[in-house]
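**Q** Pasting in a structure now, in structure tokens, and then I'll have a few things to ask.
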Amino acid sequence: MDTALSAERLEVMQHVGKDLDGLISEYLKPIDENWQPTDFLPDFSKENFATEVKLLQESCRDLPYDYIAVLIGDTITEEALPTYESWLMDVIGVDQVDNPSGWSRWVRAWTAEENRHGDLLNKYLYLSGRVNMRAMEVSTQYLIADGFDIGTDRDPYRNFIYTSFQELATNVSHRRTATLAKKFGNPHLSKICGVIASDEMRHAKAYKEFVRRILLVDPSELLLALDDMMRKKIVMPAHFLRETGVKMGDTFAHFSDAAQRLGVYTTNDYIEILESLLVEWEIGSIRDINERAEKARDYLMALPARLKRIAERTRVPELAYEFSWIK
Numbered sequence: 548m549d550t551a552l553s554a555e556r557l558e559v560m561q562h563v564g565k566d567l568d569g570l571i572s573e574y575l576k577p578i579d580e581n582w583q584p585t586d587f588l589p590d591f592s593k594e595n596f597a598t599e600v601k602l603l604q605e606s607c608r609d610l611p612y613d614y615i616a617v618l619i620g621d622t623i624t625e626e627a628l629p630t631y632e633s634w635l636m637d638v639i640g641v642d643q644v645d646n647p648s649g650w651s652r653w654v655r656a657w658t659a660e661e662n663r664h665g666d667l668l669n670k671y672l673y674l675s676g677r678v679n680m681r682a683m684e685v686s687t688q689y690l691i692a693d694g695f696d697i698g699t700d701r702d703p704y705r706n707f708i709y710t711s712f713q714e715l716a717t718n719v720s721h722r723r724t725a726t727l728a729k730k731f732g733n734p735h736l737s738k739i740c741g742v743i744a745s746d747e748m749r750h751a752k753a754y755k756e757f758v759r760r761i762l763l764v765d766p767s768e769l770l771l772a773l774d775d776m777m778r779k780k781i782v783m784p785a786h787f788l789r790e791t792g793v794k795m796g797d798t799f800a801h802f803s804d805a806a807q808r809l810g811v812y813t814t815n816d817y818i819e820i821l822e823s824l825l826v827e828w829e830i831g832s833i834r835d836i837n838e839r840a841e842k843a844r845d846y847l848m849a850l851p852a853r854l855k856r857i858a859e860r861t862r863v864p865e866l867a868y869e870f871s872w873i874k
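Taken in order, the sequence shown gives residues 548 to 874; the numbers are from my numbering.
This is the structure in structure tokens:
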């Protein structure tokens, strides 16, 4: 990104960040009042711990293969948060050295809330007895070590567009796993996935609000950023996911297939999220923008229909993949 554009982005970030205290208090919860993973897990210090673990394992025994695979993939995605925090700390306008109480405070506080998700799911899967934990832990370490490239560069506009989309996608995924857990006779797991989904929706509202505020002061550049992100396609943060002996990214493709077969997160969900963002940000009615931004707006408004036509021709592989994670 050129120097002039970076300076403009920094100025907008400083403008939006003036109300950071209000944004943090509205979209993030006080730590002492927030739920923690142990609130949903058997207590090792209690006499009935072994009984509770046995009941937990019985409730997981009949969960379908694809469901376990998706739950593990979701867990690894959540556990790779150090990667996401380090990426966001390098975004223009986020400065933990000279302005540690600014946007870097949001990044740290958001990460801290998100970190609970992986902790909870990891411990649950460990207790379930259905998972080869070492294989899963290897995949987690690979994902953090490999990092990721979500196509946003250091641009806060692209990063906030990405996080808006991604938080909505994870909300859909966790909400669906909650619904399916209940269907499969596991209300405990359903509650776990449900509280995580609730966090994701609250975080999505925050990032959507950041984008909305940027649109008020710099609509042309935001539209061009959105156009660029959608042309490249929003990739999931775990798109480099792999297992031992598997090429980087190959495991993610199999994980995505399992999610599609199960109906947890599908191509249609991707399109519906895009449609919802176009409506919420009122992209179709944005005026007083430059010519390039007008073309971007028109492209974006026509995109959902184009993606739907492509989705109609897309088939989900029926061939099940054997994950090293599942016993």
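Yeah, the Cβ is synthetic: ideal placement off N, Cα and C, and Gly gets one too. Note that the structure is a prediction, hence the values are computed from the model and not measured.
1. Okay, do the region 648–655 and the region 556–570 touch, 3+ Cβ pairs below 8 Å being the bar?
2. Assign V764 to one of three DSSP states: helix, strand, or coil.
3. If we count Cβ pairs, one from each stretch, closer than 8 Å, do we get three or more for the region 741–752 versus the region 712–729?
4. How is V638 classed by DSSP in three states: helix, strand or coil?
5. Measure the Cβ-Cβ separation of L770 and R844 and say whether it is below 8 Å.
6. What span of residues does the alpha helix (DSSP H) with L588 cover, start to end?
7. Please report the Cβ distance between R556 and K874, rounded to the nearest whole angstrom; I am assuming they are in contact, meaning their Cβ atoms lie under 8 Å.
8. Can you tell which of D696, D613, E822, N662 has the C-alpha that lies nearest to the C-alpha of P629?
9. Taking the continuous alpha helix (DSSP H) assigned at G665, which residues delimit it?
10. According to DSSP, what are the bridge partners of V678?
11. What residue range is occupied by the uninterrupted alpha helix (DSSP H) comprising M560?
12. For V764, which residues in the same chain have their Cβ closer than 7 Å to its Cβ, ignoring the five residues on either side in sequence?
13. Just to confirm the assignment, what range does the alpha helix (DSSP H) spanning E891 have?
14. Taking 8 Å as the threshold, find out whether the region 778–795 comes into contact with the region 678–698 through three or more Cβ pairs.
15. Measure how close the beta-carbons of D804 and V863 come, nearest whole angstrom, since I'm counting them as under 8 Å.
**A** In short, the structure shows the following:
1. Because the criterion of three Cβ pairs below 8 Å is met, the region 648–655 and the region 556–570 touch.
2. Start at 1 with the first residue of the sequence shown, and residue 764 comes out as number 217. Note: V764 maps to helix in three-state DSSP.
3. Verdict: yes, contact present.
4. Position 91 of the sequence shown, counted from the start, is the residue given in the question as residue 638. DSSP places V638 in coil when its eight states are reduced to three.
5. Along the sequence shown, one-based indexing puts residue 770 at 223. Along the sequence shown, one-based indexing puts residue 844 at 297. Yes, the Cβ-Cβ distance between L770 and R844 is below 8 Å.
6. Taking the sequence shown and counting its residues from 1, the one referred to as residue 588 is at position 41. No alpha helix (DSSP H) contains L588, which DSSP labels as neither H nor E.
7. Mapped onto the sequence shown, residue 556 falls at position 9. Mapped onto the sequence shown, residue 874 falls at position 327. At roughly 48 Å, the Cβ-Cβ gap does not stay under 8 Å, so R556 and K874 are not in contact.
8. As a first step, residue 629 is located in the sequence shown; it is residue number 82 there, counting from the start. For P629, the nearest C-alpha among the options comes from N662.
9. For the purposes of this step, residue 665 is identified with residue 118 of the sequence shown, where counting begins at 1. G665 -> alpha helix (DSSP H) spans 650–675.
10. Your numbering for residue 678 matches position 131 in the sequence shown. Beta-bridge pairing links V678 to I873.
11. Taking the sequence shown and counting its residues from 1, one reaches residue 560 at position 13. Boundaries of the alpha helix (DSSP H) around M560: 550–563.
12. By one-based count along the sequence shown, residue 764 stands at place 217. If we look at V764 and ignore the five residues flanking it on each side, its Cβ neighbours are V559, H562.
13. Because the chain is modelled from 548 through 874, residue 891 falls outside the range shown and cannot be assessed.
14. In short, these stretches touch, since the Cβ pair count reaches three.
15. Numbered from its first residue, the sequence shown carries residue 804 at position 257. Numbered from its first residue, the sequence shown carries residue 863 at position 316. Sure, about 6 Å apart at Cβ, within 8 Å.
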